[in-house]
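J.: Residue numbers (my numbering): -12 to 735.
All residues carry an ideal CB built from backbone N, CA and C; glycine is no exception.
Next up is a structure, given as structure tokens.
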């Protein structure tokens, strides 16, 4: 075996660009039998299972140090923290983020159907913990609209208002009164237990290295889902913006019921509430627009949310909006932190399914934004450690009466755009919230709820811009557009929990559809190259006579093996069953002709008082008719003539090459189907060979005992061109190669 590989590059005179490199190779044609016996030999693994396990679980100071650094990423950067370079930026970023986090914590607690102070708790403890366990330097952990709304729907389902009406005797009349304190206490218990379970799930997934679960939430699915969540959030806040009293709904069609309830009660709208809410919305929109337009000139973004909170609180306090104009306000905010309390674990059984949905959505939101910032600033994040960090944030914080959290897109953008370098900025933001909780929380008791609704709605404008995805996806990928629309419609109509399940199921179905509907083609050789391309797509690609090269861009397994075989027969134009039937008919006619002992090439017979003439068709005519798509149809004769094939072979195809370059795996069902079709073709003297199999695919074929009987390693080739050259040489019926160019230099 003489093998030489040469690459030549010639520099053009006068400093011009290099000419096109040329690639030349001269070697024998390889098949798998030759490769196994001569070229490749597997390494012998002398280590035993016990030795491998011992090496895997061996404890050393290096491994212990790596494990500690992995579990506490803060140890990798805090000792080398450049105070002079980073401190000022982190302080400015932390204060800016804390100012935004404070009103959002109060507002998103309303979405979670718990008192506002619990939003402040959820904006302190998890942020503090993430500083130690998180790997992202820029995301802002805390309350988030989508997660808060999912929690709120579950909390309302488990603790509806109808459970807390008590009879209140008023003279001789008795009426049912809602016990708000008992209801809120129960809802807090449900939210806390749900958060505990979410933390356990995320932490367990992180330990089991299940960070890959986020790949099933594709970008179109997440964007469609979050857009639907924005619709839910806006509808849920309409009653606070208008000042009407309506029931809070949960479950399928809850968004429709909520909107219908607001419309039916719109006549009781509080004018003062609407005016204040719309004014806050306009102001926030203008501030956000200014921040976007002049973000390069402003040292820090204008803190529109905190301005709205302070001004609206002052107006509400000075004008007695709650007492005089019946404007709903936040109400009592207890001062100080609550002592740790064990969750009410008796509520766990009803929350398992919901907690999985929140855990996965929360992680997917966090990791997607973390990877975006990591790519922008040139560092890496660990998906499994992010799961562990989020799990610990939720689990530990739940003992201090918090609800589930993830990262917020708006706050993360503030933290990054104001110059934040590390999670020191997040730590300072949590301290800002702590200051309010411990010292000045009572100041925000007159804060109107309509101002918080305005903050929530304006912060969702970015999510509604995701409707722009629809025309873009229409132009690029109809399947991804379908995923986006299904995620949106299902989440709007069925609720966020069931909608997410439907969207994931549909996304998985699209994967199955793609594998069951692969693109297939017959390949032809591009003259002067070693390339083989679709003959229907490229006019330079020319087929070798008698050889069909079948290409399908999918693996072969139980779901698509029948489709693969049927497409193979259709594309090659060679159906073994039809050819076997034709051969039997041919044999009968030949026996009949011999029985008549008529040496003439034209044989006559009577058939229903009509004379029928059968004529012999030569092989060349068969090949010509097969080229023209007339295989088995015969030549048109007069009304009294019928063409019959009396001379084998029935088809001009003698070899079929299966291009398995795109195939990554094959299962037992697929292997049996391919082996069966190879046997069917072998019965017709048509050889079927494999080309382009990867080493891992060949190992799977070996384990499935594929290479036995008529199929041997000698029928598998490393490239399509190897297979073509072997088929052309091994079959005497092979005609010359296409005359419009030479073959690559692989000599037999």
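Given a cut-off of 8 Å on the beta-carbon distance, is the pair residue 189 and residue 350 in contact?
T.: By one-based count along the chain shown, residue 189 stands at place 202. By one-based count along the chain shown, residue 350 stands at place 363. Closer than 8 Å, so yes.
J.: Can the beta-carbon of residue 94 be found closer than 8 Å to that of residue 139?
T.: To locate residue 94, count along the chain shown from 1; it is residue 107. To locate residue 139, count along the chain shown from 1; it is residue 152. Going by C-beta atoms, residue 94 is not nearer than 8 Å to residue 139.
J.: In angstroms, rounded to a whole number, what distance separates the CA positions of residue 29 and residue 545?
T.: Within the chain shown, the letter at position 42 stands for residue 29. Within the chain shown, the letter at position 558 stands for residue 545. Those two C-alpha atoms are separated by around 30 Å.
J.: What are the complete beta strand (DSSP E) segments, minimum 3 residues, inside the stretch 476 to 557?
T.: Taking only runs of at least 3 residues, the beta strand (DSSP E) segments lying wholly in the stretch 476 to 557 are 507 to 512, 519 to 521 and 534 to 539.
J.: For residue 656, tell me which candidate among 405, 682, 418 and 687 has the shortest Cα-Cα distance.
T.: On the chain shown, residue 656 is found 669 positions in, with the first residue counted as 1. Looking at the Cα atoms, 687 is the closest of the given residues.
J.: Of all the options 438, 134 and 409, which has the alpha carbon lying nearest to the alpha carbon of residue 178?
T.: Here residue 178 refers to the residue found at position 191 when the chain shown is read from its first residue. Considering only alpha carbons, the answer is 134.
J.: Would you check if the distance between the CB atom of residue 700 and the CB atom of residue 17 is smaller than 8 Å?
T.: Taking the first residue of the chain shown as 1, we reach residue 700 at position 713. Taking the first residue of the chain shown as 1, we reach residue 17 at position 30. No, they are not a contact pair.
J.: So, at 6 Å on beta carbons, what are the nonlocal neighbours of residue 103 in its own chain, with the 5 sequence-adjacent residues on each side left out?
T.: Residue 103 sits at position 116 when you count from the first residue of the chain shown. So the qualifying residues of the chain are 93, 96 and 317.
J.: Give the DSSP bridge partners of residue 646, in chain order.
T.: Residue mapping note: residue 646 aligns to position 659 of the chain shown, counting from 1. Answer is 538 and 678.
J.: Using 10 angstroms around the beta-carbon of residue 141, count the other beta-carbons present and answer buried if the total reaches 16, otherwise exposed.
T.: Taking the chain shown and counting its residues from 1, one reaches residue 141 at position 154. It counts as buried.
J.: From residue 560 to residue 677, what distance separates their C-alpha atoms?
T.: To locate residue 560, count along the chain shown from 1; it is residue 573. To locate residue 677, count along the chain shown from 1; it is residue 690. Cα-Cα distance, rounded: 18 Å.
J.: What does DSSP give as the partner residues of residue 393 in its beta bridges?
T.: Counting from one through the chain shown, the residue named residue 393 turns up at place 406. Beta-bridge pairing links residue 393 to 129.
J.: If we call anything under 8 Å between Cβ atoms a contact, is residue 130 one with residue 293?
T.: In the chain shown, the residue the question calls residue 130 occupies position 143. In the chain shown, the residue the question calls residue 293 occupies position 306. Contact: no.
J.: Looking at the secondary structure, which residues open and close the alpha helix (DSSP H) in which residue 255 lies?
T.: Residue numbering aside, residue 255 sits at position 268 when the chain shown is read from its first letter. Where residue 255 is concerned, there is no enclosing alpha helix (DSSP H), given that its DSSP letter is neither H nor E.
J.: Return the residue from the list 272, 502 and 263 that minimises the CA-CA distance to residue 300.
T.: Position 313 of the chain shown holds residue 300. Among 272, 502 and 263, the Cα nearest to that of residue 300 belongs to 263.
J.: Report yes or no: do three or more beta-carbon pairs, one from the stretch 109 to 124 and one from the stretch 368 to 383, lie closer than 8 Å?
T.: Short answer: they touch.
J.: Could you tell me if residue 525 is buried or exposed, where buried requires 16 or more neighbouring beta carbons within 10 angstroms of its beta carbon?
T.: Position 538 of the chain shown, counting from 1, holds the residue named residue 525. Looking at its Cβ environment, which holds fewer than 16 other Cβ atoms inside 10 Å, residue 525 is exposed.
J.: Can you tell me whether residue 21 is helix, strand or coil according to DSSP?
T.: The sequence position of residue 21 within the chain shown is 34, counting from 1. Helix at residue 21.
J.: Give me the Cα-Cα distance between residue 12 and residue 501, rounded to the nearest whole angstrom.
T.: Residue numbering aside, residue 12 sits at position 25 when the chain shown is read from its first letter. Residue numbering aside, residue 501 sits at position 514 when the chain shown is read from its first letter. The alpha-carbon atoms of residue 12 and residue 501 are separated by roughly 37 Å.
J.: Within its chain, find whatever has a CB closer than 6 Å to the CB of residue 260; leave out the 5 residues flanking it on each side and keep chain order.
T.: Counting from one through the chain shown, the residue named residue 260 turns up at place 273. So the qualifying residues of the chain are 230, 314 and 437.
J.: With C-beta atoms as the reference, is residue 671 less than 8 Å away from residue 566?
T.: For the purposes of this step, residue 671 is identified with residue 684 of the chain shown, where counting begins at 1. For the purposes of this step, residue 566 is identified with residue 579 of the chain shown, where counting begins at 1. Result yes, Cβ atoms of residue 671 and residue 566 sit closer than 8 Å.
J.: Rounded to whole angstroms, what is the Cα-Cα separation between residue 683 and residue 648?
T.: Sequence index remark: in the chain shown, residue 683 carries index 696 (1-based). Sequence index remark: in the chain shown, residue 648 carries index 661 (1-based). Those two C-alpha atoms are separated by around 12 Å.
J.: Do residue 372 and residue 57 have their C-beta atoms closer together than 8 Å?
T.: Reading the chain shown from its first residue, position 385 is the one you call residue 372. Reading the chain shown from its first residue, position 70 is the one you call residue 57. For residue 372 and residue 57, yes; Cβs fall inside 8 Å.
J.: Measuring alpha carbon to alpha carbon, tell me which of 137, 291 and 558 ends up nearest residue 508.
T.: The residue labelled residue 508 in the question sits at position 521 within the chain shown. Ranking 137, 291 and 558 by Cα distance to residue 508 puts 558 first.
J.: Do you know how far the Cα of residue 296 is from the Cα of residue 304?
T.: By 1-based counting over the chain shown, the position of residue 304 is 317. By 1-based counting over the chain shown, the position of residue 296 is 309. If I take the Cα positions, the gap works out to 12 Å.
J.: In terms of residue numbering, what span does the alpha helix (DSSP H) encompassing residue 665 cover?
T.: Taking the first residue of the chain shown as 1, we reach residue 665 at position 678. Taken as a continuous stretch (DSSP letters only), the alpha helix (DSSP H) holding residue 665 covers 655 to 669.
J.: Leaving out five residues before and five after residue 428 in sequence, what residues of the same chain have Cβ atoms less than 8 Å from its Cβ?
T.: The residue given as residue 428 occupies position 441 in the chain shown. These residues qualify, in order along the chain: 104, 107, 320, 321 and 322.
J.: Taking Cβ to Cβ, would you say residue 245 is nearer than 8 Å to residue 236?
T.: For this step, residue 245 is matched to residue 258 along the chain shown. For this step, residue 236 is matched to residue 249 along the chain shown. For residue 245 and residue 236, yes; Cβs fall inside 8 Å.
J.: Pull the bridge partners of residue 152 from the DSSP assignment, please.
T.: On the chain shown, position 165 is the one that residue 152 refers to. In the DSSP output, where bridge partners are listed per residue, residue 152 has 165.
J.: Given this structure, state the Cα-to-Cα distance separating residue 537 from residue 643, to the nearest angstrom.
T.: For this step, residue 537 is matched to residue 550 along the chain shown. For this step, residue 643 is matched to residue 656 along the chain shown. Spanning the two alpha carbons is a distance of roughly 7 Å.
J.: Residues bridged to residue 316 by DSSP?
T.: Reading the chain shown from its first residue, position 329 is the one you call residue 316. Answer by DSSP bridge pairing, in chain order: 435.
J.: Just how far apart, CA to CA, sit residue 714 and residue 534?
T.: Stepping through the chain shown from its first residue, residue 714 is reached at position 727. Stepping through the chain shown from its first residue, residue 534 is reached at position 547. Their backbone Cα atoms lie some 8 Å apart in a straight line.
J.: Using the rule of at least 16 other Cβ atoms within 10 Å of the residue's Cβ for burial, across every protein chain shown, is residue 257 buried or exposed?
T.: Taking the chain shown and counting its residues from 1, the one referred to as residue 257 is at position 270. Flag for residue 257 reads buried.
J.: Taking C-beta to C-beta, are residue 399 and residue 356 nearer than 8 Å?
T.: Stepping through the chain shown from its first residue, residue 399 is reached at position 412. Stepping through the chain shown from its first residue, residue 356 is reached at position 369. Their beta carbons are under 8 Å apart, which means residue 399 touches residue 356 by this criterion.
J.: Comparing alpha-carbon positions, which option in 664, 7, 268 and 660 lies nearest residue 564?
T.: On the chain shown, position 577 is the one that residue 564 refers to. When each option's Cα is compared against that of residue 564, the closest is 664.
J.: Let's test the definition: count the other Cβ atoms within 10 Å of the Cβ of residue 421 and tell me whether it reaches 16, buried, or not, exposed.
T.: Counted from its first residue, the chain shown places residue 421 at position 434. Flag for residue 421 reads buried.
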